[in-house]
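Report on the structure given below.
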Amino acid sequence: MPGSADAPVVVENLNHYYGKGPLRRQILHDVTTTIPAGEIVIVTGPSGSGKTTLLTLVGALRAPQAGRLRVLGHQLDGANRTALENVRRRIGFIFQSHNLLGALSASQNVQLGLRVTGRAARVELRRRAEAMLEAVGLAEHAHKRAEQLSGGQRQRVAIARALVGEPVMVLADEPTASLDKASGREVVDRMQSLARERGTTILLVTHDNRILDVADRILHLEDGRLATFTDAVIANTQQMMYLLAQNTDRQHVEQLVDAMDETAFRSTLQGADAAVAEIPRSDRDGERRSLPEHARAVAARLYAPGRRAA
Amino acid sequence: MAAERTWTRLLPSVPLGWLQLWHKPLRLTVAVAGIAFAVLLILMQLGFRSALFESTLRFHERFRYDIALFSTDSVFIVRPAPFTIRRLYEAMGSPDVESVSPVYIFPATWKNPWTNARRSINAVGIDPTRNVLDTPGFADTHSRLVGQDVVLFDRASRPEFGPVGESWRPDAPVSTEINDRAVSVVGLVEIGPSFGIDGTVLTSVDNWLRLFPDRSRNQIQLGLVTLKPGVDASDARDRLRSYLPADVLVMTKADFAAREKAYWNGATPIGYVFAFGAIMGLVVGAIIVYQILFADVSEHLREYATLRAIGYRNRFVSGIVLQQAAILAVLGYLPGMAAAWFLYRSAAHATRLPLHLTTDRALTVFVLTLVMCALSGFLALRKVRRLDPAEVF
Ligand SMILES: Nc1ncnc2c1ncn2[C@@H]1O[C@H](COP(=O)(O)OP(=O)(O)OP(=O)(O)O)[C@@H](O)[C@H]1O
Ligand SMILES: [Mg+2]
């Protein structure tokens, strides 16, 4: 694959197991993928499919057991603890729960994210932390502790903490899970715009259909195996329907689905996949086709009366 | 809130350990109070322990002598056993010896002249013509003891003997009874009580024998030997030992003090009790600090794992815990010290024991407190080392 040498994440035949002896269970099976610089990649999949496991491996929070894993130019398989820690420092982490230090103000929490990089003078810490808080719209809350902030504000502080060190990559595990629709949207938009400004690569695990549209690419994990895009779309039919229902008359879509048999639906989707493949892969500067566009393409085919009869 | 803002603005990077403690003010208060209590306990125990030694050695140190002759089977404070005065005369025959002086010691019953309550007092008989005791008041008053039925009273005796020191005037001597014999106090000295002695009266040998009519002049409790100038005390002791029969102990001043100290330290449980008390204080303090730090670590496990996940090294997180330990040590030590200072004063006043808070002891206890907190900190750290940063996802 062109440019894969300097891609921030290169995963080859990664396998991962939990447990020992007879309890040993394989969680990841031969996962192979490359994440190009500057892309927003969303990892979806059912609960227990290994999304978090993959994320912690890419984030150097776990040592790889089998297969090859290259992150930010460092080979993580076989690397020692200090090497893993060094890679971690260059990654911004956003956790499902905000995980802010309760005793610290928002500003101090954000400073921690900068201090760990060792690339900012002590006197710089406060100024840059507060600039970052301003960027996430929390300028006037810098002195508040986590317990004095709302859930969405806390998550934004966590985002500020992850981004303040100007990481080359951000890993986020269900960052919107604890947020309502509006604040979840806000958080994702902030991530997206800040990432775009800096060309940061973002790997995001989510169950939240409402934010799929920010993705350049979707990786679908099913029982620890990466699925093709088609499979992903099939598996995400529910999610697709949800998206469609937001834009069209819900009842109509439901009737449509009810009336359709599975083979017809499959061929429809494969048609959609072919249509997607025809769409030229966007380069860095070009326009990106995000999931809603795919969704719209699928919807267009679903609506086409000729197809439906076939 | 505004105050907090300026305060944090002054410190660009606030110590995390302090913030963690400050975040839980109640727990911090409890911890500080607990450590302060432990520090107080340790200081009091060590204080009483050294007061015990210091007070029991007062006579050993204040009598003027180079070599002491003493019964083989007694210690000074607890009813010293008598031995024959002949040993003293025999010692006089040695070419090393300049002079000798007998001392008679036994508890007598003192009647408090204000309340008529009777209480045991240490009665010491000495040669009134010689300045045998280096203690305040004695040099000016010992010659008064040549009179009949007169005593010098230790004004630092416990208050139960009556306010003799306060009410005595040269023109209004205090009269009372010792062993049911009428005596009058003709002067005051200052010695001080100890763990074995509540109070002391000094008198002449003749008067002493009047107080104890069934005791013999030939049986003494302590022999004071003064050597000729230039004679080495250890050498003279060795020569006297081979020269005198073995039924009497021949000791230099240092030997005598060491023997007494060994008795209180080893043969009685008292020295041990105080050492044990101090150790208990340490243990109590360590447990408190451990509990506090353990609670902190357990409560902040997620936060600490997050710090590890975003790239902080293990020693950074350990540093937060150890910083808390150090802060607790200092914050607990200061009020503990202040309370001890206050209690030393009132206890010294009430017991008249030589309790003083020396810089040495203050420093020792500070180091002990730091060690105690550090140990607890390291114990609490075991949990931090096992942190798995992957667990926070
Ligand atoms: N530390 C662990 N030890 C043993 N098994 C684990 C551990 N962590 C996860 N697992 C198991 O591995 C599988 C994958 O877990 P993982 O957390 O990666 O799933 P996930 O896709 O993130 O699920 P979810 O969407 O529910 O977060 C699950 O079956 C889980 O029970
Ligand atoms: Mg998960």
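Chains as they are written, first to last, in the working numbering: chain A, 12 to 321; chain B, 2 to 394. Backbone N, C-alpha and C define an ideal beta-carbon position, used for all residues, glycine too. In this text the structure is predicted, and so the values were computed from the model without any measurement.
Check	Outcome
Going by other Cβ atoms of all chains shown within 10 Å of its Cβ, with 16 needed for buried, is Tyr305 (chain B) buried or exposed?	buried
For Tyr313 (chain B), go through chain A and note every residue whose CB falls closer than 7 Å to its CB, in chain order.	Val127
Run through DSSP, which three-state label would Ile280 (chain B) get?	helix
Measure from the alpha carbon of Ala263 (chain B) to the alpha carbon of each residue in B:Lys25, B:Met45, B:Val76 and B:Pro336, then state which is nearest.	B:Val76
Between Arg101 (chain A) and Met180 (chain A), is the Cβ-Cβ spacing less than 9 Å?	yes
What residue from A:Thr44, A:Val52, A:Ser108 and A:Leu39 has the CA that sits closest to Gln76 (chain A)'s CA?	A:Leu39
Closer than 8 Å to a non-hydrogen atom of ligand 3 - does that hold for the CB of Glu185 (chain A)?	Summarising the ligand content, the structure contains ligand 1 and ligand 2 and does not contain ligand 3.
Quick one: which unbroken beta strand (DSSP E) runs of 3-plus residues sit fully inside the stretch 154–233 of chain B? Chain order, please.	175–179, 182–190, 201–205 and 223–228
Below 7 Å between beta carbons is the criterion; list the residues of the stretch 75–104 of chain A that meet it against any residue of chain B, in chain order.	Glu96, Arg99, Arg100 and Phe104
Counting Cβ pairs closer than 8 Å, one from the stretch 185–193 of chain A and one from the stretch 112–127 of chain A, do we hit at least three?	no
Under 7 Å between beta-carbons, which chain A residues line up against Arg303 (chain B)? List them in chain order, please.	Asn110
Applying the criterion that 16 or more other CB atoms from any shown protein chain within 10 Å of the CB defines a buried residue, is His143 (chain B) buried or exposed?	buried
List the residues of chain B that Arg130 (chain A) touches, going by C-beta distances under 9 Å, in chain order.	Within 9 Å Cβ-Cβ: nothing; Arg130 (chain A) doesn't reach chain B, min ~12 Å.
Could you work out which residue in B:Arg383, B:Arg303 and B:Met45 is closest to Arg316 (chain B) when comparing CA atoms only?	B:Arg383
Indicate the three-state DSSP secondary structure (helix, strand or coil) for Leu70 (chain B) in the structure shown.	strand
Residues with a Cβ closer than 6 Å to any heavy atom of ligand 1, in chain order?	A:Tyr29, A:Gly30, A:Ile38, A:Gly56, A:Ser58, A:Gly59, A:Ser60, A:Gly61, A:Lys62, A:Thr63 and A:Thr64
Thinking just about the alpha-carbon of each residue, which of B:Phe275, B:Ile221, B:Asp239 and B:Asn123 is nearest to the one in Leu203 (chain B)?	B:Asn123
Using a Cβ-Cβ cutoff of less than 7 Å, which residues in the same chain neighbour Arg201 (chain A) once the five nearest sequence positions on both sides are dropped?	Val147, Arg167 and Ile170
Among the candidates B:Asn113, B:Leu146, B:Gly278 and B:Arg353, whose CA atom is the shortest distance from the CA of Phe196 (chain B)?	B:Arg353
Where Arg221 (chain A) and Gln164 (chain A) are concerned, what is the direct C-alpha to C-alpha distance, given to the nearest angstrom?	19 Å
Does the Cβ of Val216 (chain A) lie closer than 8 Å to at least one heavy atom of ligand 2?	yes
I need the DSSP call for Gly103 (chain A), collapsed to helix, strand or coil.	strand
Excluding the 5 residues preceding and the 5 following Ala330 (chain B) in the sequence, name in chain order all residues of the same chain whose CB lies nearer than 6 Å to its CB.	Thr370, Leu371 and Cys374
Given Lys155 (chain A), which residues of its chain have a CB within under 7 Å of its CB, disregarding the five upstream and five downstream residues?	Ser116 and Ala117
At a threshold of 8 Å, does Phe106 (chain A) count as lining ligand 2 (C-beta to nearest heavy atom)?	no
Please tell me whether Pro390 (chain B) has its Cβ less than 9 Å away from any Cβ of chain A.	yes
Buried or exposed: where does Tyr345 (chain B) fall if 16 or more other Cβ atoms within 10 Å of its Cβ makes it buried?	buried
I'd like to confirm something about Phe343 (chain B): is its beta-carbon nearer than 8 Å to some heavy atom of ligand 2, or not?	no
Helix, strand or coil: which one does DSSP assign to His27 (chain A)?	strand
Taking the alpha helix (DSSP H) that Leu68 (chain A) falls in, what are its first and last residues?	Lys62 to Val69
Closer than 9 Å, CB to CB, is Phe394 (chain B) near chain A or not?	yes
In terms of DSSP beta bridges, what is Asn123 (chain B) paired with?	B:Pro108 and B:Thr201
Mind checking which residues open and close the beta strand (DSSP E) that includes Gln37 (chain A)?	Arg36 to Ile46
Please check the pair Phe71 (chain B) and Phe257 (chain B), which I expect to be a contact at CB under 8 Å, by giving their CB distance rounded to whole angstroms.	7 Å
Select from the stretch 24–51 of chain A all residues with a C-beta closer than 7 Å to any C-beta belonging to chain B, and list them in chain order.	none
Can you find a C-beta in chain B that's less than 9 Å from the C-beta of Leu149 (chain A)?	no
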